[in-house]
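Each protein sequence line maps, in turn, to chains A and B.
Numbering-wise (our numbering), the first sequence opens with residue 1 and increments by one.
Numbering-wise (our numbering), the second sequence opens with residue 1001 and increments by one.
Think of the CB as a built atom: it goes at the ideal place given N, C-alpha and C, for glycine as much as any other residue.
Here the structure is a predicted model, which means the values were calculated and not measured.
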Amino acid sequence: AQSVTQLGSHVSVSEGALVLLRCNYSSSVPPYLFWYVQYPNQGLQLLLKYTSAATLVKGINGFEAEFKKSETSFHLTKPSAHMSDAAEYFCAVSFTGGGNKLTFGTGTQLKVEL
Amino acid sequence: DTGVSQNPRHKITKRGQNVTFRCDPISEHNRLYWYRQTLGQGPEFLTYFQNEAQLEKSRLLSDRFSAERPKGSFSTLEIQRTEQGDSAMYLCASSSEGWGQGNQPQHFGDGTRLSIL
């Protein structure tokens, strides 16, 4: 079975500081990994995806994530936080043969302070 | 690409009533998914369709829940005899099938928030 663990349900950073949101996965088959962002009372917006091509994936809004098989991790980073980045972030996994259905982590609420 | 559309955005109903939600996916997407999200949690998979065929249902989808996609376009999710525990955000997503089957990103609607009084 596939699962995702997001360490830290709340992360707080200063504006301009590095953002690091952690995601570890468990999968018995090669995974596809995704990061989504959710603003209050809205659906999820795709930030980036890993689909077995390049291990360093660049997404929208300056975010990127690196797939590390040895660490079973897919951490999300952004060099410089902006106030508009405050939102909830979800890591998710799917796999070939699984109907493309996503298994999500419990989410990390990012707070950006002045 | 007009995005995934869900209606209504909010639904308030009394316990025991039936409710129905609608999802209109991105037109060229043949896969449609329903998820449920409770407060402080990530979305949980409920069911998915490939065209009009319902291919998988989660154990979360009790007998009171039914989903349809009659013509392979829009989908409806009905909950009969609603209970307090059904209060949640119901999210719909769509994707194309893709060569790897698991690698196509899902595009989400803004959800329907259900509140049971």
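- Between A/Gln6 and A/Leu21, the C-beta gap is smaller than 9 Å, which places the two residues in contact.
- For B/Ser1115, the enclosing beta strand (DSSP E) stretches over residues Thr1112 to Ile1116.
- When secondary structure is reduced to three states using DSSP, B/Asn1051 falls in the coil class, being assigned neither helix nor strand.
- Between B/Gly1072 and B/Met1089, the C-beta spacing is not below 9 Å.
- When 9 Å is used as the limit between beta carbons, A/Leu46 is near these residues of chain B: Pro1105, Gln1106, His1107 and Phe1108, in chain order.
- Secondary structure note for B/Cys1023: its beta strand (DSSP E) is the uninterrupted segment Val1019 to Asp1024.
- The beta-carbon separation of A/Lys101 and B/Glu1097, rounded to 13 Å, does not stay under the 8 Å limit for a contact.
- Taking a C-beta distance under 9 Å as the contact criterion, A/Lys58 and A/Phe34 do not qualify as a contact pair.
- When DSSP states are grouped into helix, strand and coil, A/Asn41 belongs to the coil group.
- For a Cβ distance threshold of 8 Å, residue set Gly99 and Lys101 of chain A lies close to B/Glu1056, ordered along the chain.
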